[in-house]
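Shown next, in structure tokens, is the structure this report addresses.
In the numbering used here, the protein residues as written are 12 to 321.
What follows is the structure in structure tokens.
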């Protein structure tokens, strides 16, 4: 996570740091875009996934639980080849152990869905431009940044979707586990991705991009640590809520996995608390309306050396 944040910081700093010089009044061209994104979302965390636990990045994506994603984007070029962009995304993430043939995941038998509402700010580095003296129609780019997102994991019980965070399915908020607090349903994300755009006309731009969102939470799927003692629910909740928490915290067949698989590393573990959750916005089709903003800087203002008269 530290290396990821360092890389993202470097991308963002490109928008503000550089060698500058005093220039005479000249016309500077900047690209400004408004548009939307349509694509797919996938979840990478404790629940679901492929048959091999711990496979990184796209290798653990389960195509059966991908969902549509919709977003809006504003992009402003602040230097040649460097832009700031702001995104708003909505999607839904899902995961289900029943879709995996892995013995540990299949035995655990948990599943979830969660809405994802994200806003983010990013720095973007493009390798060509479609404004200015050397403009090209094809525009590949990479970007990184930071954002906030809301999530709310839910599980299906007899056809009804139940919110899991209030139940404390791993003992969060119970008197017997004073060190476990209920997690926040708002967390940070760190987008990292890339793509390309193509200038169809002087104003309309189409593109394709893919991005991964690293996060600082392990509870998008409500699974992170260990099973709670079900007796404690009845000491803290009313009988109906306690029965619901017991049912949704452990949906296995009731046998211990180490009886099936002696020496199982899962033991009483419900999830892996050492890794934060990740989600992907992939196959994102973008359509934006681009305008070229021209301005004359004030005399003597400090500009990058690559700001040519246009």
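Quick reminder that beta carbons are idealized off the backbone N, C-alpha and C, glycines included.
query, result
"For the putative contact between residue 256 and residue 180, defined by C-beta atoms under 8 Å, what is the C-beta separation to the nearest angstrom?", "6 Å"
"Note down the Cα distance separating residue 280 from residue 236, rounded to an integer number of angstroms.", "6 Å"
"Taking 8 Å as the limit between beta carbons, can you name the residues of its chain near residue 159, skipping five residues before and five after?", "129, 130, 131, 197, 198, 199, 200"
"Considering only their Cβ atoms, is the gap separating residue 251 from residue 182 smaller than 8 Å?", "no"
"Got a sec? Which residues, its chain only, sit under 6 Å from residue 221 by beta carbon, not counting five neighbours each side?", "204, 293"
"Compare the C-alpha of residue 97 against each of 117, 229, 82 and name the closest.", "82"
"Looking at residue 135: is its Cβ nearer than 8 Å to the Cβ of residue 94?", "yes"
"Our contact map puts residue 166 next to residue 109 with C-beta atoms below 8 Å; I'd like the distance itself, whole angstroms only.", "Incorrect: roughly 12 Å between the Cβ atoms, too far for contact."
"Reducing DSSP to helix, strand and coil, say where residue 164 ends up.", "coil"
"For residue 320, count the other beta carbons within 10 Å of its own beta carbon; 16 or more makes it buried, fewer makes it exposed. Which is it?", "Low confidence applies here, because residue 320 scores a pLDDT of 40, under 50, leaving its location unreliable and the question unanswered by this model."
"Report the rounded CA-to-CA distance for residue 186 versus residue 247, giving the unit in angstroms.", "7 Å"
"List the DSSP bridge partners of residue 296.", "49, 219"
"Grab me the residues of residue 178's own chain with a C-beta within less than 6 Å of its C-beta, minus the 5 sequence neighbours each way, in chain order.", "256"
"Going by C-alpha distance, which of 100, 168, 43, 234 is nearest residue 92?", "43"
"Return yes when the Cβ of residue 46 is within less than 8 Å of the Cβ of residue 295, no when it is not.", "no"
"Rounded to whole angstroms, what's the CA-CA distance from residue 52 to residue 103? Just pull it up for me.", "7 Å"
"Between which residues of its own chain and residue 147 is the CB-CB distance below 6 Å, once the five residues before and five after are set aside?", "139"
"Between which two residues does the alpha helix (DSSP H) containing residue 181 stretch?", "No alpha helix (DSSP H) holds residue 181; DSSP gives it neither H nor E."
"To the nearest angstrom, how far is the alpha carbon of residue 73 from that of residue 55?", "9 Å"
"Quick check: the Cα distance between residue 212 and residue 301, rounded to an integer number of angstroms?", "9 Å"
"Quick one: what does DSSP say residue 188 is sitting in, helix, strand or coil?", "coil"
"Please check the pair residue 107 and residue 76, which I expect to be a contact at CB under 8 Å, by giving their CB distance rounded to whole angstroms.", "6 Å"
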